[in-house]
Amino acid sequence: MKKSIILFLLLFSFIVPAASSQEGGAIDDPVFYVLAANNIQYPVGAIRNSIYGRIFTSLEIDSKGTIRNVHVIYPLMDKKSGKLLGFEEEIKAGLSKIPRLRTKNQGKYILPVSFAYTNVYHNTTDYPTNRIPQEVMPKDYLLLKEVQITARSDRYRSLRNFSNIPPPSRQIVDF
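FYI, in mature numbering (1 follows the signal peptide of the UniProt record, and there is no 0) the residues of the sequence shown are -18 to -1, 1 to 157.
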């Protein structure tokens, strides 16, 4: 137990100085991306409906390092579909769990969250191909590195109506 704690502290001591020594407006801290990937969950509604896609989310980091004003900017969905699939709620919930960031990260960002889906029944693994159109991209926001979230069709299969067989996979822009 002591060895694993010491190993973790040694590893963490190398990550933090490297992240804090980097300059620039982008979030170069690898801890942010690990926390985002661990805290954002694949929505149950999207798994049940075999939906995958890349969701572009705007967010702001204030002077205290707190993430605020999280909104999906692309692709936009009607309220019924958005609630059914649950992408925006899961992204907001996951980002709200991230502790305060360094104040040097203050700014406005676009975070692409890629939801990749493996359909076990149809033997396919689907990765999103959609990109954000230039006309949708806000001018004063900085595009961050992508965070990838994965799921399999055999998860939550008992919640499917009428059958345990998942429908064929569909990308969110096709929904």
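For glycine and all other residues, C-beta sits at the position ideal for the given N, C-alpha and C.
All values reported here derive from a predicted model rather than from experimental measurement.
In the DSSP annotation of this structure, the continuous segment of the alpha helix (DSSP H) that includes GLY27 starts and ends at 26 to 30.
The beta carbon of TYR123 lies closer than 8 Å to those of SER40, LYS90, TYR91 and ILE92 in the same chain, with the five residues before and after it left out. Non-local C-beta neighbours of ALA8 in its own chain, meaning closer than 7 Å and more than five positions away in sequence, comprise LEU124 and LEU126, ordered along the chain.
Counting only runs of 3 or more residues that sit fully inside the region 10 to 86, the beta strand (DSSP E) segments are 33 to 43 and 49 to 56, in chain order. ILE29 sits close to TYR99, with the two beta carbons spaced by under 9 Å. If you draw a straight line from the Cα of ASN105 to the Cα of ILE154, it comes to about 19 Å. In this structure, the straight-line span from the alpha carbon of PHE97 to that of SER45 is close to 30 Å. SER32 and ARG82 have their C-alpha atoms roughly 34 Å apart. Shortest Cα-Cα distance from LYS74 to any of GLU42, SER63 and LYS62 involves GLU42.
In this structure, the alpha-carbon of GLY76 lies about 4 Å from that of ILE22.
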